[in-house]
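These notes concern the structure reproduced below.
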Amino acid sequence: MLKTLLVTGGCGFIGSNFVRFALNHHLAENLVNLDKLTYAGNLANLADVASDPRYRFVKGDITDTALVRGLFEETQPDAIVHFAAESHVDRSIVGPGDFVQTNIVGTFTLLEAARAAWGKETAQRRFLHVSTDEVYGSLGETGRFTEETAYAPRSPYSASKAASDHLAAASFHTYGLPVLITNCSNNYGPFQFPEKLMPLIINNALHGKDLPVYGDGRNVRDWLYVEDHCRALRTVLEKGIPGQTYNIGGNNEQANIDIVTSICNLLDELAGPLPSGAPRTSLIRFVTDRPGHDRRYAIDATKIRRELGWEPQTTFREGLRRTVAWYLKHDGWLQAVLDGSYRDYYQSMYGERLS
Ligand code: NAD
Ligand code: DAU
């Protein structure tokens, strides 16, 4: 068991699922969560574990060198799992500056703080940098991303994540920092911010609003249930070899339009029909495409399965049903999130206000 685990971005979607997972599975004696609480960070995501004596929340920015260095000195973490990032592609198109700051400068700040704190005593230390399959660019009809696929990021978001991956890898090669990099496909599940496809569609479909599908709706993503991602990260933390990259994926390719249709059908079943009696698929609207929209992502997760023994456990059918049911049960969480600045952002993206 680790003595102290430092998590960054633990109040976001995957981070909060991971913090809960880490506490439930006793990964560490102490867990420190450093999060700036941007629009995407929500303390409510961890309300159920906030009073756990092993858990400590620190509000702060990963680009703040003094704060980050001070935290390393004070807490002496054996391991860091680094989630904190600006994570939404559409936002990166509208305003890339924050992505450069947090994803590149912030990651660099953490790497340097770890190097200063750990020095040459790195045998028992781990820096797990959580990254994305988007760094590999866009696939055609065939093929899958392996750890050897050349980087070809195409959005400001993926370019900033690619840069952070290179800085992390360079810290291993140049200084011997015990860095592990994971590149994961699209996650779904509880606590995802409703700017991303699944929660946005669930919320709109539930309330009888239009369902915006970009382009022809045939873009493909490889979906992984967030709990499976958390298990993969634990596996890499415990068994991964420093300096290595591990691709993580759901082996589950879905076209966007099929996902939207499945969510509509599930909601018709679980929440009852719309007041008009029309099926929720009648709300689907094909809208202007995302600029530079990557066509297809697919992960080849052979390496992590073969070398570390991880594979996903949740079928898409089961994961999607669980996710839709979670949002139905947590409408209070959803509405509180929608209360904030997300409304203005939503209006600038879709030209309408959320009611
Ligand atoms: P998210 O946007 O839901 O959460 C990001 C968290 O980081 C928030 O709590 C936010 O407050 C915090 N944060 C942002 N800037 C910060 C800063 N400067 N200092 C401190 N904290 C800051 O993101 P997510 O979807 O949970 O993604 C987490 C990580 O996983 C990201 O690095 C992302 O690139 C990666 N990833 C995400 C997916 C996915 O499908 N969501 C897939 C693969 C990889
Ligand atoms: O692949 C991993 C990446 O997955 C992560 O690195 C990112 O942090 C995460 O946001 C996600 O990126 P995507 O761009 O794939 O996710 P998003 O939910 O924004 O979109 C999924 C697909 O749905 C994509 O093809 C765009 C489309 N889409 C999205 C929205 C928000 C729509 O058709 N309509 C929408 O309103």
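With the first letter of the sequence shown counted as 1, position 20 gets the number 1 in the working numbering; the numbers rise by one all the way through. Where a beta carbon is used, it is the ideal one built from N, C-alpha and C, also for glycine.
Assumed close pair residue i, residue j - CB separation to whole angstroms, cut-off 8 Å
{"i": "Ala94", "j": "Val62", "result": "That pair is no contact at about 15 Å."}
{"i": "Asp197", "j": "Phe297", "result": "Not a contact, Cβ separation roughly 21 Å."}
{"i": "Lys338", "j": "His69", "result": "Lying outside -18 to 336, the shown extent of the chain, residue 338 is not represented and no answer is given."}
{"i": "Leu148", "j": "Thr88", "result": "6 Å"}
{"i": "Leu337", "j": "Ala98", "result": "The requested residue 337 is not part of the displayed model; the chain covers only -18 to 336."}
{"i": "Ser145", "j": "His110", "result": "7 Å"}
{"i": "Asn232", "j": "Ala282", "result": "7 Å"}
{"i": "Ala236", "j": "Arg199", "result": "5 Å"}
{"i": "Cys(-8)", "j": "Asn11", "result": "About 18 Å; that fails the 8 Å criterion."}
{"i": "Leu264", "j": "Asp191", "result": "6 Å"}
{"i": "Asn(-2)", "j": "Phe172", "result": "6 Å"}
{"i": "Gly300", "j": "Tyr156", "result": "Not a contact, Cβ separation roughly 39 Å."}
{"i": "Ala25", "j": "Ala317", "result": "7 Å"}
{"i": "Pro337", "j": "Cys245", "result": "The displayed coordinates of the chain run from -18 to 336. Any statement about residue 337 would go beyond what the structure contains."}
{"i": "Ile85", "j": "Thr163", "result": "With 8 Å as the limit, Ile85 and Thr163 do not qualify as a contact, their Cβ atoms being about 18 Å apart."}
{"i": "Tyr227", "j": "Lys284", "result": "6 Å"}
Spatial neighbours of residue i in its chain, beta-carbon cut-off 7 Å, leaving aside the 5 residues before and after
{"i": "Leu181", "result": "Pro175"}
{"i": "Gln294", "result": "Asp209"}
{"i": "His274", "result": "Tyr195, Gly196, Asn200"}
{"i": "Ser243", "result": "Leu301"}
{"i": "Tyr337", "result": "Because the chain in this structure spans residues -18 to 336, residue 337 falls outside the shown range and cannot be described."}
{"i": "Asp270", "result": "Tyr195, Gly196"}
{"i": "Leu187", "result": "Leu248, Ala252"}
Residue i CB to nearest heavy atom of the ligand NAD below 8 Å
{"i": "Ala9", "result": "no"}
{"i": "Asn168", "result": "yes"}
{"i": "Asp281", "result": "no"}
{"i": "Tyr74", "result": "First, the amino acid is wrong: residue 74 is Ile here, not Tyr. Ile74 Cβ: outside cutoff for every heavy atom of the ligand NAD."}
{"i": "Phe64", "result": "yes"}
{"i": "Lys356", "result": "Limits of the chain in this structure are -18 at one end and 336 at the other, which puts residue 356 out of reach."}
{"i": "Asn184", "result": "no"}
{"i": "Ile285", "result": "no"}
{"i": "Gly321", "result": "no"}
Near the ligand DAU: residue i beta-carbon under 8 Å from a heavy atom
{"i": "Leu18", "result": "no"}
{"i": "Glu115", "result": "yes"}
{"i": "Tyr195", "result": "yes"}
{"i": "Asp275", "result": "yes"}
{"i": "Arg202", "result": "yes"}
{"i": "Ala176", "result": "Correcting the residue identity first, residue 176 is Glu in this sequence and not Ala. Within the cutoff, so yes."}
{"i": "Gly231", "result": "no"}
{"i": "Asp209", "result": "no"}
{"i": "Val348", "result": "Outside the shown range of the chain (-18 to 336) lies residue 348, about which nothing can therefore be said."}
{"i": "Gly(-4)", "result": "no"}
{"i": "Tyr156", "result": "no"}
{"i": "His69", "result": "yes"}
{"i": "Gly(-9)", "result": "no"}
{"i": "Lys190", "result": "no"}
{"i": "Cys245", "result": "no"}
{"i": "Ser139", "result": "yes"}
{"i": "Asn84", "result": "no"}
{"i": "Lys220", "result": "no"}
{"i": "Gly124", "result": "no"}
{"i": "Tyr278", "result": "yes"}
6 Å CB neighbourhood of residue i in its chain, flanking five on each side removed
{"i": "Met179", "result": "Tyr169"}
{"i": "Thr216", "result": "Leu289, Trp291"}
{"i": "Glu152", "result": "For the sequence presented, residue 152 should be read as Ser rather than Glu. Closer than 6 Å at the Cβ level, and outside the excluded window around Ser152, lie Leu92, Leu158, Val160."}
{"i": "Glu115", "result": "Ser139"}
{"i": "Pro137", "result": "Ser73, Pro77, Phe80"}
{"i": "Arg277", "result": "Leu120, Val201"}
{"i": "Thr304", "result": "Tyr169, Gly170"}
{"i": "Lys(-16)", "result": "Glu10, Asp59"}
{"i": "Gly189", "result": "Leu255"}
Chain-order list of residues whose beta-carbon lies under 8 Å from that of residue i (same chain, five-residue window excluded)
{"i": "Thr90", "result": "Ile43, Thr44, Asp45, Thr46, Val49"}
{"i": "Arg35", "result": "Leu4, Ala9, Glu10, Asn11, Leu12"}
{"i": "Leu18", "result": "Cys(-8), Leu24, Lys40"}
Cutoff 9 Å: residue i Cβ touching any chain B Cβ
{"i": "Leu15", "result": "No chain B appears in the structure shown, which is made up of a single protein chain."}
Counting pairs of Cβ atoms below 8 Å between the region 76 to 95 and the region 118 to 125, do you hit three or more?
At 8 Å Cβ cutoff, the stretches do not touch.
How about the region 103 to 119 and the region 15 to 29: do they share at least three Cβ pairs that are nearer than 8 Å?
The answer is no - the region 15 to 29 does not touch the region 103 to 119, with fewer than three Cβ pairs under 8 Å.
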